[in-house]
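Participant: Numbering (our numbering), first residue to last: 2 to 721.
Printed below as a string of C-alpha cells:
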C-alpha cells in the first residue's frame, strides 16, 4: 500500500471538521423526525431501552450530547450530536484515504465528495445510529492499516467491540480488515492472527464456526502459534471490554424505564434483546419476505439501482468505474469491491425486503457503510485524473488542481434533499395533534399495526416534554408506556394474541369512566363496540368527547417535500378526514380527502390498500378494485392487496378470479388464515367441494377457535 505523507498537517483536519460542521448545523432537525429517530431521542433522554438490540452505546452518547449542550430542545441537542459525528467522520475519511494515497489534496477532496452524498448529509442532521457506526468502523480500519504495532491492534479490537454495542452491522467490515492485512507488508501469519481474532468474534456472534477451524488450522501450522494466541487472547479481552457496554441494558431495565424493550433484566430476556430474537436474529426487519425467487431478486436489484442513482447518480457511478480501472492492479481495488459488495449489495439482497418505496427508504441508511469502499474508488479516480494532468507539462500545478476540483465538483451530489429541515415539526406536531384533541384523564391505546411515528411522537410529547401527565397511554407492543398485558401472551400466535389483548382492554375499559381512544388503522383490530372517528383517533363510544379535533400545522413549507418519513406523517391527516366523511355518508368529500392523501402517498402501497379497504367496506367495489390494483402494481409481493382483490372479485361473483387472488395471497403468506377461509368459500361456490374442504382444514389449523371455526367444524362433521 502507498505510504502516507510523513508530515502531519492538523490544520487540514480542523478545516474539514469546521467547514463540515458549519454546513450540517443550519440543517439539523429541531426535534424528532421519522423512523427510529424519535424513539432514539426519547430513550437517550430517559435512558430507556429502544428496540433490539438496545443500542446502549448510542443511548449513552446521545445523553452525553443532550447534557453537554445547555440550550435548545432535547431533540435538537441530540441531533447536533449527529452533526458533530458527521464532521468527525469526514475527517476520518480524509485520514483513511491518506493511508492509501500519497496526496493530501486527493484525500481532502475525496472526503468532501463523500460528505456531500445525500445519505451522508441526512445521517448528519438527525439522530440515528448509522453515522456513529461509520465513525467507529473507519477508526478501526485506520488503526489496522497502520504499521504493525500491538497497541494499535488492541485499540482496534476494543473499538470493534464498542461498535457492536452501537450497531451490529459493523461485523460487515471483518472481510475488509482481513484483506487489508493479508495484502499489506505484514507477515501472512500476523494477518491470519488478526483475521482469526475478528472472525472468531464474528463466529461467536453469528455462528460461523467454520472460520474458527480454518484460522486455527493456519495458526497451528505456524511456529509462532503460541505468540499469536497470546496476542489474540489480549485482543479478545479488549473486544469484550468494548462489548461490556451492553451491561447498560439490564442495569437500566431494573430501573423500570417507560421505554423498556424486551425488559432485559433477566438473562434470557437480555440474550433475546441483543440477539434480536423477536425480529429474527439474522433478519433485518420483521417485514422481510419469507421466500426468495428470481422475481424478488430482480426487483430488489432494480431497487438497489434506483437508490444508487438517487445517491450518486450516473456521474458518481462513472467516477467509481474510473477509480476501479485506476486501482485494478492494486490492493485498493479488492478492498473497495469487498466493502461495497459485502456491506452493500449482498447485505441488502440478503435482507430480502419487498422492493416497495417504504422498504427502499428503510434500506437507504444501510448504504452509508459501503461508502467506505466507494470512497477508495473516488480517490483512485481523482488520483488518476491528477496524474494525467501532471503529464501535461505547460499546466501550472494550481491550474491542474483547480481542474481536478472542477471535475470532482461535477460528481458532488447536493446533499440537501430537505428544503426546510431546520423548521421541520411535522412529526413533533403529529403527537401534539393527538394529545390536544382528547380530554383530561383519557386513555389512548396504540395498536401494533402502526408506523413508528405514532409511538415516538407521543413518547416525546409525554416523556420528554412532559406534557399531558393526566393521560394513560397503553402500547400493545408492551415495550413502552403502561403495560397491562401478561408477557406470556406475546408468545401466542398473532390471532390469539390479539384476542387476549382485546379482552384485557375491554375489562380495563369497563372499570373506568374516562374517555377511551385507539390509535389504529383498522377497526377490526379493536374490541367489539361502537366507535366514532375523532381526528387521528377512534373514540370508543357513539359520540366523541370535547375538545373536537384541532390541529396545529407547521408543515406548509414541507408541501413539496419528497422524503418518505415526512410524507408518511402528512398523509394521515387527509386520510382520517376521508374516513370520517365516509362514516357520515359524505362520499364526495371523502373522495376529495383521499385525493389529498394521494398527493403525499402516490407511491405508498399500504395507503392504496387502506383506501381500497375503506371503499370495499362501503360497497364501492369498483373504487376498491382500482386501489387494490394500484397497491399490487406498487408492491407485487403485498399479500393484503391480493386478498383485497380476491374479496372484491368474490363480491362481484367472479369466483375464479377470486380464487386466483387468494392463492396469490397464500403463496406470499401461507399463514394468512382469512385467505384460506375465503379460498374455501370461493372454491365451494365453483363447485369444488373437496378443494374447499382442504382449504378450510388449513384455516382451522391456523384458527382453531372463533365463530368461523365453529361453523366450519359443523360443515365438515356433517359431510363426514
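Don't be surprised by glycine CBs; every beta carbon is placed ideally from N, CA and C.
Everything numeric in this text was worked out from a predicted model, so none of it was measured.
With contact counted as at least three CB pairs below 8 angstroms, one residue from each stretch, are the stretch 480-491 and the stretch 87-94 in contact?
Facilitator: No: the two stretches stay apart, fewer than three of their Cβ pairs being nearer than 8 angstroms.
Participant: Taking the alpha-carbon positions, what's the residue 669 to residue 646 distance?
Facilitator: Computed Cα separation, rounded: 14 angstroms.
Participant: Does residue 333 come out as helix, strand or coil in the three-state DSSP assignment?
Facilitator: Helix.
Participant: Under a three-way DSSP split, which group does residue 12 fall into?
Facilitator: Helix.
Participant: May I ask you to list the residues that DSSP assigns as paired with residue 697?
Facilitator: Residue 697 is not bridged to any residue.
Participant: Any idea if residue 732 is buried or exposed, counting beta-carbon neighbours within 10 angstroms, 16 or more meaning buried?
Facilitator: Because the chain spans 2 through 721 in this model, residue 732 falls outside it and cannot be assessed.
Participant: If I'm right that residue 598 touches residue 644 with Cβ under 8 angstroms, what's the distance once you round it to whole angstroms?
Facilitator: With a Cβ gap of about 21 angstroms, residue 598 and residue 644 do not count as contacting.
Participant: The alpha helix (DSSP H) spanning residue 447 covers which residue range?
Facilitator: Run containing residue 447: none in the alpha helix (DSSP H); it sits in the beta strand (DSSP E), 444-447.
Participant: Alpha carbon to alpha carbon, what distance is there between residue 684 and residue 654?
Facilitator: Rounded to whole angstroms, residue 654 to residue 684 spans 12 angstroms at the Cα level.
Participant: Which residues does DSSP pair with residue 539 in a beta bridge?
Facilitator: According to DSSP, which records beta bridges pairwise, residue 539 is partnered with 519, 534.
Participant: Who are the Cβ neighbours of residue 431 in its own chain at under 7 angstroms, not counting the five residues just before and after it?
Facilitator: Around residue 431: 454, 458, 570.
Participant: Can residue 94 and residue 115 be called in contact, C-beta distance under 8 angstroms?
Facilitator: Taking 8 angstroms as the Cβ cut-off, residue 94 and residue 115 qualify as a contacting pair.
Participant: Okay, do the stretch 340-350 and the stretch 370-390 touch, 3+ Cβ pairs below 8 angstroms being the bar?
Facilitator: The stretch 340-350, when compared against the stretch 370-390, does touch it at the 8 angstroms Cβ threshold.
Participant: If distances are taken between C-alpha atoms only, which option among 83, 59, 58 comes closest to residue 728?
Facilitator: With the chain covering only 2 through 721, there is no way to say anything about residue 728.
Participant: Touching or not, the stretch 63-74 and the stretch 245-252, by the rule of three or more beta carbon pairs under 8 angstroms?
Facilitator: Flag = no, the stretch 63-74 and the stretch 245-252 do not touch.
Participant: If residue 127 sits next to residue 80, beta carbons under 8 angstroms apart, how far is it from one beta carbon to the other, in whole angstroms?
Facilitator: Yes, they are in contact, since the Cβ atoms of residue 127 and residue 80 sit about 6 angstroms apart, within 8 angstroms.
Participant: Whole-angstrom Cβ separation of residue 75 and residue 46, contact assumed at under 8 angstroms?
Facilitator: Between residue 46 and residue 75 the Cβ distance is about 5 angstroms, and since that is below 8 angstroms, they are a contact.
Participant: Please confirm whether residue 456 and residue 262 have their CB atoms less than 8 angstroms apart.
Facilitator: Going by C-beta atoms, residue 456 is not nearer than 8 angstroms to residue 262.
Participant: DSSP beta-bridge partners for residue 473?
Facilitator: Partner(s): 444.
Participant: Could you compute how far the alpha carbon of residue 696 sits from the alpha carbon of residue 378?
Facilitator: Distance between the alpha carbons of residue 696 and residue 378: 55 angstroms.
Participant: In the DSSP assignment, find the alpha helix (DSSP H) that holds residue 572 and state where it starts and stops.
Facilitator: That residue, residue 572, is in no alpha helix (DSSP H); it is neither H nor E in DSSP.
Participant: What does the alpha-carbon distance come out to for the pair residue 192 and residue 177?
Facilitator: With a pLDDT of 44 at residue 192, under the threshold of 50, the predicted position of this residue should be treated as unreliable, though the coordinate-derived value follows. Cα-Cα distance, rounded: 12 angstroms.
Participant: Which value, in whole angstroms, describes the spacing of the CA atoms of residue 103 and residue 59?
Facilitator: Going by the C-alpha atoms only, they are around 34 angstroms apart.
Participant: Check whether the stretch 596-613 and the stretch 564-580 are in contact - that is, three or more C-beta pairs closer than 8 angstroms.
Facilitator: With the cut-off at 8 angstroms, the stretch 596-613 and the stretch 564-580 touch.
Participant: Which word fits residue 441, buried or exposed, when buried means at least 16 other C-beta atoms lie within 10 angstroms of its C-beta?
Facilitator: Classification of residue 441: exposed, given that the 10 Å Cβ count is below 16.
Participant: Buried or exposed for residue 389, going by 16 or more other Cβ atoms inside 10 Å?
Facilitator: With fewer than 16 other Cβ atoms within 10 Å, it is exposed.
Participant: Is it a yes or a no for the stretch 395-410 touching the stretch 533-546, going by three-plus beta-carbon pairs under 8 angstroms?
Facilitator: Touching, no, given that fewer than three Cβ pairs across the two stretches are closer than 8 angstroms.
Participant: In three-state DSSP terms, what is residue 261?
Facilitator: In this structure, residue 261 counts as strand in the three-state DSSP scheme.
Participant: Do the CB positions of residue 49 and residue 239 come within less than 8 angstroms of each other?
Facilitator: No. Outside cutoff.
Participant: Could you tell me which of 113, 708, 162 sits nearest to residue 134, measuring between CA atoms?
Facilitator: That would be 162, whose Cα lies nearest to the Cα of residue 134.
Participant: Using the Cα positions of residue 752 and residue 489, report the straight-line distance between them to the nearest angstrom.
Facilitator: For residue 752 there is no data in the structure shown, the boundaries of the chain being 2 and 721.
Participant: Closest by CA to residue 331, which one among 72, 318, 101?
Facilitator: Nearest C-alpha to residue 331: 101.
Participant: Straight-line CA distance for residue 231 to residue 634?
Facilitator: If you take the alpha carbons of residue 231 and residue 634, they lie about 59 angstroms apart.
Participant: Once you ignore the five residues that flank residue 572 on each side, which residues in its own chain have a CB closer than 8 angstroms to its CB?
Facilitator: Cβ neighbours of residue 572 beyond the five flanking positions: 598, 601, 602, 605, 608.
Participant: Could you spell out the range, first to last residue, of the alpha helix (DSSP H) harbouring residue 468?
Facilitator: Taken as a continuous stretch (DSSP letters only), residue 468 belongs to no alpha helix (DSSP H), as it is neither H nor E.
Participant: Go ahead and label residue 109 buried or exposed: buried means 16 or more other beta carbons lie within 10 angstroms of its beta carbon, across all protein chains shown.
Facilitator: Burial call: buried.
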